[in-house]
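Visitor: Mind the numbering: the sequence shown is residues 266 to 552 in the working numbering, read in order.
Each residue gets a CB set at the ideal place from its N, CA and C atoms; glycine is no exception.
It should be emphasised that the depicted structure is a prediction, and the values quoted were computed from it without experimental measurement.
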Amino acid sequence: MDERTLKLLEFDKIVEMLQLHARTTFGRELVASLKPFTNFEEVKRKLKDTSDVRRWLEKHGVPPIGSVRDVRAEIEKASSGIMLDTSELLKIASALSAAWEVKTQLERSNELPECLQRLSSQISDLRWLSESIRRAIDENGNVVDDASPRLRRIRASIRSTRDSLMRKLQSILSDKDIQTALQEPIVTVRNGRYCIPVKASRRQSVKGIVHDKSSSGLTLFVEPEEIVELGNQLRELQLDEEREVKHILRSLTDAFINSIEEVKITLNAIAHIDCLFSLAEFSLSLK
266 MDERTLKLLE FDKIVEMLQL HARTTFGREL VASLKPFTNF EEVKRKLKDT SDVRRWLEKH
326 GVPPIGSVRD VRAEIEKASS GIMLDTSELL KIASALSAAW EVKTQLERSN ELPECLQRLS
386 SQISDLRWLS ESIRRAIDEN GNVVDDASPR LRRIRASIRS TRDSLMRKLQ SILSDKDIQT
446 ALQEPIVTVR NGRYCIPVKA SRRQSVKGIV HDKSSSGLTL FVEPEEIVEL GNQLRELQLD
506 EEREVKHILR SLTDAFINSI EEVKITLNAI AHIDCLFSLA EFSLSLK
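Here it is as structure tokens:
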């Protein structure tokens with residue numbers, strides 16, 4: 266059918282109304298691509314599908330299609346070899362869980378229309394991937410200690426080393442001779458190193474490494490020499506932690522990459538399910 270005929274039929278306005286019923290971005294895009302059918306058999310089949318879905322909808326309602334998030338950007342990024350971050354991986358876990366919930370709710374019915382059965386069968390069981398992601402990353406986007414045995418050991422060492430370092434610093438701060446050289450008896454962090462604020466005029470009273478100074482120049486932030494070795498150990502452990510976190514995220518990204526075709530098929534099925542329910546809801550609105 267040519268564009269002139271479509272305009273005369275105001276088909277674009279019908280599509281716009283249909284899009285209002287779609288619950289996902291990819292479902293809306295699929296609706297936007299719809300064109301009138303010219304083959305009679307195809308028209309009959311589509312009318313039957315819409316009628317079947319409408320009857321099912323009136324009994325059971327719409328499954329939670331809108332909870333399936335659009336992860337096509339994450340698919341593209343991972344496919345190009347870029348490691349996904351924690352927020353992107355959590356988004357994927359959410360989308361896969363939601364897609365499985367759609368399948369579960371549809372197949373709970375003994376009277377599921379054939380068109381929905383066909384699409385539901387294309388939704389892959391990727392719960393193992395979403396569960397792997399959620400075991401490694403908490404809801405705030407932090408990689409948890411138990412994401413790997415190595416990360417758990419590294420973080421335990423970080424806590425132990427930091428505790429030892431802080432005990433030494435508290436001992437230094439309680440030294441009467443040192444106290445008179447301080448602007449105030451606190452511990453601060455400069456360039457990733459634990460320091461104490463020393464009066465510039467009393468620099469020689471505290472042996473150590475200067476990591477920063479105040480804008481006025483009156484205060485020097487000094488890492489006392491007694492904790493330099495512990496500070497080095499802590500920094501090495503922190504670098505080990507960063508490497509292990511990257512390794513975990515890389516492994517999860519690779520697991521996603523290995524399942525990308527299944528994810529694409531699942532999203533495509535959700536888009537078509539969304540489109541069918543949009544058509545069914547639209548037909549109900551015309552009653």
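Return helix, strand or coil for HIS476, following the three-state DSSP convention.
Guide: Correct three-state label for HIS476: strand.
Visitor: Using alpha carbons as the reference points, say which of VAL318, GLY496, ALA358 lies closest to GLU379.
Guide: Here the closest residue by C-alpha is VAL318.
Visitor: Please report the straight-line C-alpha distance between ARG417 and ARG500, rounded to a whole angstrom.
Guide: Distance between the alpha carbons of ARG417 and ARG500: 17 Å.
Visitor: Compute the Euclidean distance between the alpha carbons of LEU549 and ILE535, then round it to the nearest angstrom.
Guide: Rounded to the nearest angstrom, the two C-alpha atoms are 21 Å apart.
Visitor: Check whether chain C comes within 8 Å of LEU299, counting only Cβ atoms and requiring the distance to be less than that.
Guide: The displayed structure is made up of one protein chain only, and chain C is not part of it.
Visitor: Kindly list the residues whose CB is nearer than 6 Å to the CB of LEU295, restricted to its own chain and excluding five residues on each side of it in sequence; keep chain order.
Guide: Correct list, in chain order: ALA536, CYS540.
Visitor: With distances taken between CB atoms, is the gap from ALA363 to ILE388 smaller than 8 Å?
Guide: Result no, Cβ atoms of ALA363 and ILE388 do not sit closer than 8 Å.
Visitor: Taking the continuous alpha helix (DSSP H) assigned at THR289, which residues delimit it?
Guide: Where THR289 is concerned, there is no enclosing alpha helix (DSSP H), given that its DSSP letter is neither H nor E.
Visitor: Please report the Cβ distance between THR518 and LEU349, rounded to the nearest whole angstrom; I am assuming they are in contact, meaning their Cβ atoms lie under 8 Å.
Guide: Between LEU349 and THR518 the Cβ distance is about 5 Å, and since that is below 8 Å, they are a contact.
Visitor: Grab me the residues of ILE474's own chain with a C-beta within less than 6 Å of its C-beta, minus the 5 sequence neighbours each way, in chain order.
Guide: So the qualifying residues of the chain are GLU488.
Visitor: Across the region 341 to 361 and the region 393 to 409, are there enough close Cβ pairs to call them in contact, namely three or more that are closer than 8 Å?
Guide: Output reads yes: the region 393 to 409 touches the region 341 to 361.
Visitor: Helix or strand or just coil, what does DSSP make of ARG334?
Guide: If DSSP states are grouped into helix, strand and coil, ARG334 belongs with coil.
Visitor: Have a look at ASN375, LEU391, LEU371 and flag the residue whose alpha-carbon is nearest the alpha-carbon of LEU384.
Guide: Nearest option by C-alpha distance: LEU371.
Visitor: Going by beta carbon distance, what residues of the same chain come within less than 6 Å of CYS625, once the five residues before and after it are set aside?
Guide: Given a span of 266 to 552 for the chain in the structure shown, any question on residue 625 remains unanswerable.
Visitor: Please look up how many angstroms separate the CB atoms of LEU322 and GLU546, rounded, as I've assumed it's under 8 Å.
Guide: Confirmed, Cβ separation roughly 7 Å.
Visitor: So SER345 and ALA520 are supposed to be a Cβ contact under 8 Å. How far apart are they, rounded?
Guide: Not confirmed; about 17 Å, so no contact.
Visitor: If you reduce the DSSP assignment to three classes, tell me which class VAL318 lands in.
Guide: Correct three-state label for VAL318: helix.
Visitor: Identify every run of the beta strand (DSSP E) within the region 399 to 467, keeping only runs that are complete inside it and at least 3 residues long; order them along the chain.
Guide: Taking only runs of at least 3 residues, the beta strand (DSSP E) segments lying wholly in the region 399 to 467 are 453 to 455, 458 to 464.
Visitor: Look up VAL493 in the DSSP assignment and say whether it is helix, strand or coil.
Guide: VAL493: helix per DSSP, three-state reduction.
Visitor: Taking a contact to mean a Cβ-Cβ separation below 8 Å, would you say ILE451 touches VAL471 in this structure?
Guide: Not in contact: ILE451 and VAL471 (Cβ atoms no closer than 8 Å).
Visitor: Report buried or exposed for GLY457, applying the criterion of at least 16 other Cβ atoms within 10 angstroms of its Cβ.
Guide: GLY457 comes out exposed.
Visitor: Roughly how many angstroms separate the alpha carbons of SER425 and LEU502, rounded to a whole number?
Guide: For SER425 and LEU502, the distance between alpha carbons rounds to 11 Å.
Visitor: How big is the Cα-Cα spacing for VAL336 and LYS342?
Guide: Roughly 10 Å separates the two Cα atoms.
Visitor: Counting along the chain, where does the alpha helix (DSSP H) carrying ARG383 start and finish?
Guide: Segment 379 to 385, the alpha helix (DSSP H) holding ARG383.
Visitor: Is the separation between the beta-carbon of VAL528 and that of ILE340 shorter than 8 Å?
Guide: Contact: yes.
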